[in-house]
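>
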Amino acid sequence: GAVSGQTELVITKNEEDSKKALNVAEAGVRHAIRLLANGSAYQNGFNDELSNGGTGGGLAAAGSTVTAYPGDTGAAALLRYRFFSFGGSATGDGYYVRAIDNHDSDGSSNTDVDQRFILISRGKFGTAEKTIEALVAPPTPCAITTGDRLNVGGSVGSSDLQVNTTDGFGACVHANGPLDVSGNATFPDGATSSLGGPPGPGDCSGNPNIAGGNCSQVLWNQPVRELPTTNPGEYGKWVADLGNADPGGPFYILHATIGTVRKGGGCYYSGFSTGNCGSNIVYPDATTSPADQVAVMPAGISFGSSGRCIFSGTIPPGIYYCEGKAENSGQVNGPGVTIISRDDMSFTSQTNLSAFFPNAGMGTGQPAKVATDALQALPNGPIKDKGIEAMGRLQNLVMMVGNDLDFSGNNTAITGIILVHNQINMTGGKTINGYILAADGLPAFAGDPHPASSPSTINPALTYNKFLGNSTINYMNYGTANPMGAPILRAWNDGQW
Numbered sequence: 221g222a223v224s225g226q227t228e229l230v231i232t233k234n235e236e237d238s239k240k241a242l243n244v245a246e247a248g249v250r251h252a253i254r255l256l257a258n259g260s261a262y263q264n265g266f267n268d269e270l271s272n273g274g275t276g277g278g279l280a281a282a283g284s285t286v287t288a289y290p291g292d293t294g295a296a297a298l299l300r301y302r303f304f305s306f307g308g309s310a311t312g313d314g315y316y317v318r319a320i321d322n323h324d325s326d327g328s329s330n331t332d333v334d335q336r337f338i339l340i341s342r343g344k345f346g347t348a349e350k351t352i353e354a355l356v357a358p359p360t361p362c363a364i365t366t367g368d369r370l371n372v373g374g375s376v377g378s379s380d381l382q383v384n385t386t387d388g389f390g391a392c393v394h395a396n397g398p399l400d401v402s403g404n405a406t407f408p409d410g411a412t413s414s415l416g417g418p419p420g421p422g423d424c425s426g427n428p429n430i431a432g433g434n435c436s437q438v439l440w441n442q443p444v445r446e447l448p449t450t451n452p453g454e455y456g457k458w459v460a461d462l463g464n465a466d467p468g469g470p471f472y473i474l475h476a477t478i479g480t481v482r483k484g485g486g487c488y489y490s491g492f493s494t495g496n497c498g499s500n501i502v503y504p505d506a507t508t509s510p511a512d513q514v515a516v517m518p519a520g521i522s523f524g525s526s527g528r529c530i531f532s533g534t535i536p537p538g539i540y541y542c543e544g545k546a547e548n549s550g551q552v553n554g555p556g557v558t559i560i561s562r563d564d565m566s567f568t569s570q571t572n573l574s575a576f577f578p579n580a581g582m583g584t585g586q587p588a589k590v591a592t593d594a595l596q597a598l599p600n601g602p603i604k605d606k607g608i609e610a611m612g613r614l615q616n617l618v619m620m621v622g623n624d625l626d627f628s629g630n631n632t633a634i635t636g637i638i639l640v641h642n643q644i645n646m647t648g649g650k651t652i653n654g655y656i657l658a659a660d661g662l663p664a665f666a667g668d669p670h671p672a673s674s675p676s677t678i679n680p681a682l683t684y685n686k687f688l689g690n691s692t693i694n695y696m697n698y699g700t701a702n703p704m705g706a707p708i709l710r711a712w713n714d715g716q717w
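Sequential numbering from 221 applies to the sequence shown in my numbering.
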């Protein structure tokens with residue numbers, strides 16, 4: 221009986237220590253997320269956290285040390301962790317955390333292209349050890365998020381805008397300003413506004429389906445949601461980075477005002493022939509850019525008056541940065557086409573586009589796969605690093621607009637993220653697989669050619685975000701390399717290693 225009792229005591233003690241070790245590991249996860257969410261640590265992606273063997277960036281907090289995990293042997297002994305003393309009495313008791321790259325198809329374990337990574341936290345309490353492996357991901361935006369006023373339905377009195385989701389969340393709309401909903405819109409995951417509702421600045425009428433209910437389900441006075449900086453100069457820089465890294469790749473800078481096409485090098489802006497992009501953003505890192513490389517005008521693209529890039533017919537796969545206004549002439553088709561404009565964008569006919577760099581589907585021989593392989597084959601160095609970073613920044617992006625987007629036309633299909641620096645006007649029948657961010661000029665940035673409330677040159681009546689007509693948005697949580705808020709835990713596994 222005494223022996224049996226002693227055995228049970230040992231088992232109980234082991235179970236208790238095991239639970240303590242698991243709690244310590246969980247504390248490590250929570251602490252790491254807090255470090256990443258503190259201040260601006262997350263706003264530059266997670267390349268720095270992946271550095272130094274996964275112990276850099278925001279994880280390098282005061283009071284921690286970089287060390288191997290006690291008792292690891294062989295290859296495991298070469299891994300490094302950020303150690304924080306926590307609980308227990310032994311000097312090695314505490315949690316050991318490190319960041320590792322998720323399987324984001326960029327070919328590099330040191331480069332973050334999708335604002336996701338895996339956090340490893342190992343808790344040690346005496347002889348008990350537990351490990352948690354957690355996926356860190358960006359917060360979930362809605363299918364439509366605006367920096368100010370959002371109008372769904374407008375004065376027409378009816379709208380059949382349907383929002384769906386492919387992974388169980390995000391079938392919602394949010395306005396950081398007033399929200400006006402009318403007609404028969406459907407938002408299964410809700411509709412929210414950062415301002416008040418009736419009799420406040422926002423309103424809801426008609427017969428919408430909101431979170432399984434009606435207008436009573438709209439949530440008013442909700443927290444303002446963070447939006448990424450939509451600076452066309454940065455996007456132009458990234459296209460130039462890709463052109464520098466892969467001059468033979470389909471990465472084009474369209475100088476509409478002076479009528480030339482370039483790859484790599486700098487962009488043209490207000491008299492600067494090289495060295496600056498879009499909003500006079502210096503390229504790269506306040507240094508002189510390489511010389512522009514002359515390119516042949518791709519099929520389906522021409523220049524019009526007043527700095528216009530005109531897209532028509534079938535556009536070859538690639539990424540196109542227009543240093544001016546982008547618009548269509550008739551129907552436009554572009555599987556694997558990303559379009560970026562410094563100024564306004566107007567597509568008023570059937571437009572079928574999908575992002576050049578998708579997060580999936582890059583089969584052998586496809587242009588995006590060929591381009592990715594070319595970047596990976598480069599010798600290690602700054603040119604390769606900038607090219608891979610640019611690929612991540614532009615992944616899943618299908619449209620980026622430096623001012624306003626006027627988007628009409630039926631039978632339109634878009635796959636990817638649509639970023640608009642100011643306002644969007646969307647009418648007609650469309651199917652969009654992704655999500656839309658219309659920032660209303662916020663957050664502001666130095667040299668912004670189109671600050672908040674600047675007039676639209678394509679539609680003077682476009683002063684706030686409007687969605688009219690019979691369209692469907694199938695929300696897909698692509699994330700974005702430009703953070704939209706502090707990261708969150710998406711899932712985790714725990715166990716003994």
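Glycine is no exception: its CB is placed at the ideal position from the N, C-alpha and C atoms.
Being a predicted model, the structure only gives us computed values, none of them experimental.
1) Could you please give me the residues that DSSP links to residue 571 through a beta bridge?
2) For residue 302 and residue 600, I'd like the C-alpha separation in whole angstroms.
3) With a CB to CB cut of under 7 Å and the five nearest residues on each side skipped, what residues in its chain are close to residue 391?
4) I think residue 445 touches residue 394, with their Cβ atoms under 8 Å apart; what is that distance to the nearest whole Å?
5) Could you check where the alpha helix (DSSP H) with residue 591 kicks off and where it finishes?
6) Taking residue 532 as the reference, which of 482, 305, 454, 549 has the closest Cα?
7) Runs of 3 residues minimum, wholly inside the stretch 647-675: which ones carry the beta strand (DSSP E) assignment?
8) Just list the residues that DSSP pairs residue 516 with in beta bridges.
9) How long is the line joining the alpha carbons of residue 300 and residue 458, rounded to whole angstroms?
10) Along the chain, which unbroken stretches of the beta strand (DSSP E) at least 3 residues long are found entirely within the stretch 317-363?
11) Can you tell me which residues form a DSSP beta bridge with residue 263?
12) Please state whether DSSP places residue 242 in a helix, a strand or coil.
13) Does residue 293 pass the burial test, meaning 16 or more other C-beta atoms within 10 Å, or should it be called exposed?
14) Rounded to whole angstroms, what is the Cα-Cα separation between residue 654 and residue 632?
15) Tell me the DSSP secondary structure of residue 547 in three-state form.
16) What would DSSP say about residue 415, mapped onto helix, strand or coil?
17) Does DSSP put residue 382 in a helix, in a strand, or in coil?
18) Buried or exposed for residue 658, please, with buried defined as at least 16 other CB atoms from any protein chain shown within 10 angstroms of its CB.
19) Please classify residue 710: does DSSP put it in a helix, a strand, or coil?
20) For residue 449 and residue 641, what's the separation of their Cα atoms in angstroms?
21) Are the Cβ atoms of residue 660 and residue 367 separated by less than 7 Å?
22) On the criterion of 16 or more Cβ atoms from any shown chain inside 10 Å, does residue 719 qualify as buried, or is it exposed?
23) Just confirm the distance between the C-beta atoms of residue 405 and residue 373, as a whole number of angstroms; I'd bet it's less than 8 Å.
24) If you measure between the beta carbons of residue 321 and residue 255, is that distance less than 7 Å?
25) In whole angstroms, what is the alpha-carbon distance linking residue 622 and residue 564?
26) Which residues in the same chain as residue 435 place their Cβ atom closer than 6 Å to its Cβ, once the five residues preceding and following it in sequence are excluded?
27) Beta-carbon within less than 6 Å of residue 356's beta-carbon, same chain only, minus the 5 sequence neighbours each way: which residues are those?
28) Write down every uninterrupted run of the beta strand (DSSP E) in the stretch 442-469 whose length is 3 residues or greater and which is fully enclosed by it, in chain order.
29) On a CA-only basis, which of 441, 419, 570 is nearest residue 397? Give me that one, please.
30) DSSP has residue 400 in a bridge; who is on the other side?
31) Would the beta-carbon of residue 515 fall within 7 Å of that of residue 545?
32) For residue 504, which residues in the same chain have their Cβ closer than 6 Å to its Cβ, ignoring the five residues on either side in sequence?
33) Per the DSSP calculation, residue 565 is bridged to which residue(s)?
34) What does the alpha-carbon distance come out to for the pair residue 415 and residue 248?
35) Compute the distance between the beta-carbons of residue 617 and residue 591, then report whether it is under 7 Å.
36) Rounded to the nearest angstrom, what separates residue 352 and residue 316 at their Cα positions?
Looking at the coordinates:
1) 552
2) 27 Å
3) 363, 383, 384, 385, 407, 408, 409, 695
4) 6 Å
5) 587-596
6) 549
7) 650-658
8) Answer is none; residue 516 lacks a bridge partner.
9) 32 Å
10) 337-345, 348-357
11) 265
12) helix
13) exposed
14) 14 Å
15) strand
16) coil
17) strand
18) buried
19) strand
20) 8 Å
21) yes
22) For the chain, the structure presents residues 221 to 717; residue 719 sits outside this window and is missing.
23) 6 Å
24) no
25) 6 Å
26) 424
27) 337, 339, 707
28) none
29) 441
30) 371, 423
31) no
32) Note that residue 504 has pLDDT 46, beneath the 50 cutoff, so the model's placement of it is unreliable and no number is given.
33) 546, 625
34) 37 Å
35) no
36) 10 Å
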